[in-house]
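Written out below as structure tokens is the structure these notes cover.
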Amino acid sequence: MSSKRILIIDDEVAILDALKLVLEGRGHQICTVSRPEDFSSSLEIFQPEVIFVDLSMPGMDGVTVTKRIKTDPGTRHIPVIVISAHLDTEQRAREAGADDYLEKPFRVNDFLAKVTALCERT
Amino acid sequence: MKTPDKPVNPVYRESLQAVKSQVFDIIESMNDVFIILDKNWRFVYLNRNGELLAGKSCAQLVGKSIHTLYPQFRRTEFYKRYKQAADTQEATRFEERFEGTDIWYEVNVYPVSSGLYIYLTDITGRKRNEQAQQFLSEVGTILSSSLEYEKTLQQVARQAVPVIADWCSVDIVNPDGSIKHVALAHTDQEMVKFAEKFREQYPPDPNAPTGAAAVARTGRPEVINDIPEAVIKKAARSPEHYKMLRKLQIKNYMCVPLMLGNHVLGTATFVSSKRAFDDEDLAVANRFAHKAALAIENARLYRQTLEEIAWRENAQKQLLQLQEELRYSKDQLETILATSADGITVQDQTGRLTYVNDAAAMLTGFPSAEAMQQATTKEIMGRFEMIDESGAPLPLERLPGRRALAGEIAPEEVVGYRIKKTGEERWSSVRATPLLDDQGNVQYAVNIFHDITERKQLEKRKDDFIGMASHELKTPLTTLKILTQGLRDLITGPGRKGEKALLVRIDNQIDRLNELVRDLLDVSKINTGTLEIHPRSFNVAASLKKLVADFQAQTTDHEIRGDWPKRLLLYADPTRFEQVVNNFLSNAIKYSPRGGPIEIRATKTKKSVIVSVTDRGIGIAHENQLKIFERFFREKRSGQAAAGLGMGLYICLQIVKLHGGRVWVESRREEGSTFFAEFPLGK
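Order-wise, the sequence lines are chains S and Y. Counting with the numbering used here, you get residues 1 to 122 for the letters of the first sequence. Counting with the numbering used here, you get residues 1 to 683 for the letters of the second sequence.
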């Protein structure tokens, strides 16, 4: 699998750090955002190929973030995968307009499989 | 004074002679005793009866002094009176009896110049009558003086001797038929003592053909005079007995029943050693018996009345006491009901409230118990919306009060209600009991509302907490999983088998933890009624294939085989479906520790899809086959602590239930088990 540029938006720093560590170990480029308010600047600077958004965040809610990304003409082409610990993730994903969803806890390989699937599509 | 000499007419002399002769005849033959005594107390003349009385002829007695013949005469009342008449030269009349006899005489003494003319008239009969009347009158007085007839009967018995007889005894028949000896009299007190001792030693035979017992039985009086020695000898039970009998001197015997109407109350017995009892005696005895019977009856009636009065007073007292206790109980009850924190209401057959306590009014938002009691059923029901424990609206028929009125014995329901007026939401555990009337029909229902709002709120907070905590746990778990995989990435190349193996096991444990946390979360959702399913159409075959692969990777002791149609569409929540089958598979592996085959099957019926998992393990005991689906059930097995939280099958049940399906198990100890889940086909 070729190296990908992945943006991960999640308020849980522990997960962000772990993901960054492991994924960079596999050769990918990772940008993490723990404060959803900061995501738009990171988006501009980093230019990700795929974005992961956690739905269960306090403050700015993941659904809002997703909708913003998908409505902004400059960013809506980027595949968005929503992550959640809730079992109704799928439904919320659709409502938000995400391209796919992933349930916590997930396997790193599943995570990457989704990345591949979506990137290959585009 | 000298009488003038007159020539005596021979005719006159003859008639005088004739008259003298007649007079002499009369005197001779009259009933009275006629005696002439001279001034020196010598007999001058006795008539025939006089001779009989003296026992000697006139010739023998004439010229002899009465003192010489009867030395005791000087001491008698007779002599006193004769002397008095002689001295005063006045005629005297008196009544006296010769000592040692029962014969009474009226004595008329006429003093004449030459001495005394004495007439003795036998008045025994009259005297006896007088004595009898006197006796009966005294009996009457004594018996009416007191109601203690045992005492008075003893007194009258004493009155009867020696007037009526030598011995008098009275017996009473008790209401139960036994004989009670109440009186015994004899002029000689020693004889009484002797007789009592005799009676003790030889108690009378109650079945004897004669005697007081017989009289009591038959109600007929008995008179036996002049009892021959031979009879007494025959009646004696022993020589000693005979000796004692003889001492009692039972020569003449009379026994009369004390009767009132046809009822024998007792007997009176009279015994005389000298005199035989005649009809007059019997008549006196009967009148005596009658008075005694009346006295006894009166006394008994009086005593009965007293007893009745006492009983009635006692009953009255008890009644008052009972009323007092009842009043007290009622007060207590009212206090309990009034101060009870539980709401208590009583409904009649129509459902109307006949009693409401303060707590009930407060719990349902009424300003007072009176207000609630006066409200109609419609008004009351209109005040709130009710739900059951699962959150669904509660139909009125399920209210325990209604069910109790319909005859259910102890209906119970947890009711959640929102008071529309205030918006307040409360929970109550409601229990109802039917009250039956004498025929066993339901008359009332008693409802008890136990407010459990706080408990419910606490439960909700707990469940909310568990939900939140489980959610929080997922973050570190997710991190762990990611990091573990990162570690696996770093351990590459041959020769690191040990480390790789360890990491696999760590990863498995993380997965285990995840499952536990997920179960916790699911249960808290089930409790708060927030467990959701998101059904869509999916291919069962694909899910099962994935599960089999995952599981087989975890065990080498078990061979997991599958049998299902290649394409089997089901409208259900796929994640939850997999959760159920996953659970069944975990159980299969857990319950066949020695390994063996595990079969998964899926079949389609007309209306549903049935999935089953079969193992050949230790099986489940029959009594547990329903319990294993209960919330906290873990099978007790020696040595092995049950793994997991015990929630798995409970969650399966809830998930399948939410789909409208059902779960069950078929199992035999030591042979294995098959778990079934049936999902309706849906759309």
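Glycine is no exception: its CB is placed at the ideal position from the N, C-alpha and C atoms.
Residue environment: L396/Y is assigned as exposed (fewer than 16 neighbouring CB atoms within 10 Å of its CB, all protein chains considered).
Residues of the stretch 489-503 of chain Y whose Cβ lies closer than 9 Å to any Cβ of chain S, in chain order: D489 and L490. Secondary structure remark: continuous alpha helix (DSSP H) runs of at least 4 residues inside the stretch 364-431 of chain Y, in chain order: 369-374, 377-382 and 400-405. CA-CA distance, E14/Y to Q249/Y, rounds to 60 Å. The stretch 375-390 of chain Y makes contact with the stretch 417-424 of chain Y, as at least three CB pairs between them are under 8 Å. When the alpha-carbon of A602/Y is set against those of V182/Y, L681/Y, L333/Y and N207/Y, the nearest one is in L681/Y. Using a CB distance cut-off of 7 Å, E95/S does not count as an interface residue toward chain Y.
The shortest C-alpha to C-alpha distance from P574/Y to any of I655/Y, I600/Y and I628/Y is the one to I655/Y. Using a CB distance cut-off of 7 Å, G343/Y does not count as an interface residue toward chain S. In the three-state reduction of the DSSP assignment, K607/Y falls in the coil class.
Here I26/Y is exposed. Its C-beta has fewer than 16 other C-beta atoms within 10 Å. Judged by DSSP in its simplified three-state form, M244/Y adopts helix.
Bridge partners of V22/S according to DSSP: none are assigned. At a cut-off of 7 Å between C-beta atoms, Q29/S does not count as an interface residue with respect to chain Y. For A113/S and E103/S, the gap between their C-alpha atoms comes out near 13 Å. Distance from the CA atom of F198/Y to the CA atom of W311/Y, rounded to whole angstroms, is 41 Å. Relative to the Cα of H77/S, the nearest Cα in the group L43/S, H28/S and M1/S belongs to L43/S. In this structure, the CA atom of I164/Y is about 12 Å from the CA atom of E130/Y. The C-beta of N582/Y comes no closer than 7 Å to any C-beta of chain S.
One alpha carbon belongs to F73/Y, the other to L282/Y, and they sit about 35 Å apart. G343/Y has F449/Y as its beta-bridge partners, per DSSP. Interface residue (Cβ-Cβ distance to chain Y less than 7 Å): G25/S is classified as such. The three-state reading of DSSP puts N9/Y in coil, since its state is none of H, G, I, E or B. Against chain Y, a Cβ distance below 7 Å from A14/S picks out T475, P476 and T479. Contact check for A588/Y against D615/Y passes: the beta carbons are separated by less than 7 Å.
Between the C-alpha atoms of L394/Y and P400/Y there is a straight-line separation of about 11 Å.
Residue pairing by DSSP places E559/Y opposite P597/Y in a beta bridge. From the beta-carbon of L19/S, the residues of chain Y found nearer than 8 Å are I482. Annotated three-state conformation of T484/Y is helix, per DSSP. Here the alpha carbon of G648/Y sits roughly 29 Å from the alpha carbon of E454/Y. Closer than 7 Å at the C-beta level to chain S, one finds these residues of the stretch 511-538 of chain Y: N514, E532 and H534. T555/Y is not a Cβ neighbour of S612/Y, given a cutoff of 7 Å. Contact between L184/Y and E196/Y holds, with the beta-carbon distance rounding to 6 Å and staying under 8 Å.
Against chain S, the CB of Q485/Y has a partner CB under 7 Å away; the residue lies at that interface. Comparing alpha carbon positions, the residue from Q89/Y, E313/Y, L435/Y and L265/Y closest to A213/Y is L265/Y. The beta-carbon distance between P48/S and R5/S, rounded to whole angstroms, is 5 Å. This is short enough to meet the 8 Å contact definition.
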